[in-house]
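First up is the structure itself, then whatever we jot down about it.
Number of protein chains: 2
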Amino acid sequence: MGEGQTRDVAARLHSASIRLLRALRREDDGSGLSAPRLSALSYVVVEGPVSLAELAEAEQVRPPTMSRIVDALVDRGLVTRVVEPRDRRSVRIMATAEGSQLLLGGGERRVHALIGRLHKLADSERRALARGVEILERVAR
Amino acid sequence: MGEGQTRDVAARLHSASIRLLRALRREDDGSGLSAPRLSALSYVVVEGPVSLAELAEAEQVRPPTMSRIVDALVDRGLVTRVVEPRDRRSVRIMATAEGSQLLLGGGERRVHALIGRLHKLADSERRALARGVEILERVAR
DNA sequence: GCACAATCATTAGCAATGCTAATTGGAGGC
DNA sequence: GCCTCCAATTAGCATTGCTAATGATTGTGC
Chain H
1 MGEGQTRDVA ARLHSASIRL LRALRREDDG SGLSAPRLSA LSYVVVEGPV SLAELAEAEQ
61 VRPPTMSRIV DALVDRGLVT RVVEPRDRRS VRIMATAEGS QLLLGGGERR VHALIGRLHK
121 LADSERRALA RGVEILERVA R
Chain F
1 MGEGQTRDVA ARLHSASIRL LRALRREDDG SGLSAPRLSA LSYVVVEGPV SLAELAEAEQ
61 VRPPTMSRIV DALVDRGLVT RVVEPRDRRS VRIMATAEGS QLLLGGGERR VHALIGRLHK
121 LADSERRALA RGVEILERVA R
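Those protein sequences? They're chains H and F, same order as listed. All the letters of the first sequence, read from the start, carry residue numbers 1 to 141 under the numbering used here. All the letters of the second sequence, read from the start, carry residue numbers 1 to 141 under the numbering used here.
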C-alpha cells in the first residue's frame, strides 16, 4: 500500500471516528450526567476500584479536576471514596450498585445505538468491519 | 453474524474509537489551542466559510458558546467574521492564512501521528483496515 | 408602506470543567 | 525526631457549556 493511500486511510479513520463518537454522544442526554462525569463513571465501573491519580490519567485530566468530578459522583451516590488502608494518602474509588446500574442497566445507550446502526449493514460488511475493529484495537493501543 | 457477535463488535468499536482519539489528542498540545478551539478551527478550515449556526451545530454546541469560541479565534487572527451581505443578520466565518497554516502547515499532527501507527501494521492488515474504514464511514454517517 | 412575527447572532449571568500553585496529611529515610 | 517525598485536596482563575433576554434584520399580512 502506497504512502498516499496510508495517509488517506489515516485521515478518513480519524474523521470517521470523530463523527461516530459525536453521533453516539447524542445518546448520553438521557443519563442526566455531563460528558466528563459519565466518562469517569464508565471508567470506574469497567476498571474496578482505581486511585484518583489513575482515573485522572486515564481521563487525561489533572488530579484536581478529577477530584471535583468524583465529588459530584459521590454526591449523587454513584461512586464511593474509600481510604486505602495500606497507604492512607490514597483513595480507592469504586462504583456503587446505583452507579453500575445507571451505566449498564441503562442499556449502555451508546453501544445500543451503535448496534442499531450495524444492523443496517450486510452480513459480509459486518464481518469486514469486525476484522477492521480487531486491527483498530491494536492501532489504538 | 449472531446478535451477540454484533454487540461485541459494537462495544469494541466504541471503546477502540475512544482510545484512538484519546491517544491522538495528546498531539494537540503543540498547537497552543484548547480542544474546542482547535476543533472549531479545523471545521472552518476544512469546510470553508460557514455561518455561526452551522458551526455550532457541527460542533454540537449552542450558538452562544460558539460565538465566544469564535471571538477567541478572531482575537488570535486565526479566523475572520464577515457580515453576509445577502442576509445581514448572519455572518461568514472563514479561516485566515494564519489559521489554515496553523492547522495544515502544522502537519495535521493527529493524522501524522496516526500514519506513524499505521506503518507498524502489515500491508495486508492496512488493507483490511482500509476496508473497515470504508464501512465505518457509512456507519458514522 | 407598516406593524408583526420569525430568524441570526450576541450579551448577560450562571454552573461545570480545565488549569497551576499552595496546602494537608501520611509514608519513609536517615 | 526530622526531613523529604507523595497522594489528594483546596484555592483561585480562565474557559466552556447552558438558558434567557436583547439587537438587528428579514419576511409577511394587510
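We put the CB at the ideal spot given by N, CA and C, even for glycine.
query: When DSSP labels each residue in this structure, what does residue 80 of chain F get in the three-state scheme?
result: strand
task: Go to residue 1 of chain F, then tell me how far its alpha helix (DSSP H) extends in each direction, as first and last residue.
output: Careful: residue 1 of chain F lies outside any alpha helix (DSSP H) and carries neither H nor E.
task: May I ask whether a heavy atom of the ligand ATP can be found less than 7 Å away from the beta carbon of residue 11 of chain H?
output: No copy of the ligand ATP occurs in the structure displayed, which carries no ligand at all.
query: Excluding five sequence neighbours on each side, which residues of the same chain lie with their C-beta closer than 7 Å to the C-beta of residue 69 of chain H?
result: 36, 37 and 40
query: When the distance is taken between beta carbons, is residue 114 of chain F closer than 8 Å to residue 45 of chain F?
result: no
- prompt: Hey, quick one: how far does the alpha helix (DSSP H) through residue 44 of chain H stretch, first residue to last?
  reply: 35-47
task: Taking only beta carbons into account, state which residues of the segment 43-63 of chain H come closer than 8 Å to chain F, listed in chain order.
output: 60
message: Contact criterion: CB-CB distance below 8 Å. Does residue 27 of chain F meet it with respect to chain H?
response: no
Presumed contact (8 Å Cβ cut-off) between residue 16 of chain F and residue 136 of chain H, rounded CB distance: 5 Å
query: How about residue 99 of chain H and residue 78 of chain H: do their beta carbons lie closer than 8 Å?
result: yes
message: Give me the chain F residues within the contact set of residue 30 of chain H, using Cβ-Cβ distance strictly less than 9 Å, ordered along the chain.
response: Ordered by position in chain F, no residue passes the 9 Å Cβ test against residue 30 of chain H, which lies about 16 Å from the chain.
message: I believe residue 84 of chain H touches residue 92 of chain H by the beta-carbon criterion, under 8 Å. Please report the beta-carbon distance rounded to the nearest angstrom.
response: 5 Å
Cβ-Cβ distance between residue 56 of chain F and residue 131 of chain H below 8 Å: no
- prompt: What are the start and end residues of each continuous alpha helix (DSSP H) run of 4 or more residues lying completely inside the segment 79-124 of chain H, in chain order?
  reply: 97-100 and 109-118
message: Between the alpha carbons of residue 116 of chain H and residue 87 of chain H, how many angstroms are there, rounded?
response: 46 Å
task: Examine chain F for any beta-carbon lying closer than 8 Å to the beta-carbon of residue 128 of chain H, and answer yes or no.
output: yes
task: Just the C-alpha distance for residue 62 of chain H and residue 7 of chain H, rounded to the nearest angstrom, thanks.
output: 33 Å
message: Taking a contact to mean a Cβ-Cβ separation below 8 Å, would you say residue 10 of chain H touches residue 111 of chain F in this structure?
response: yes
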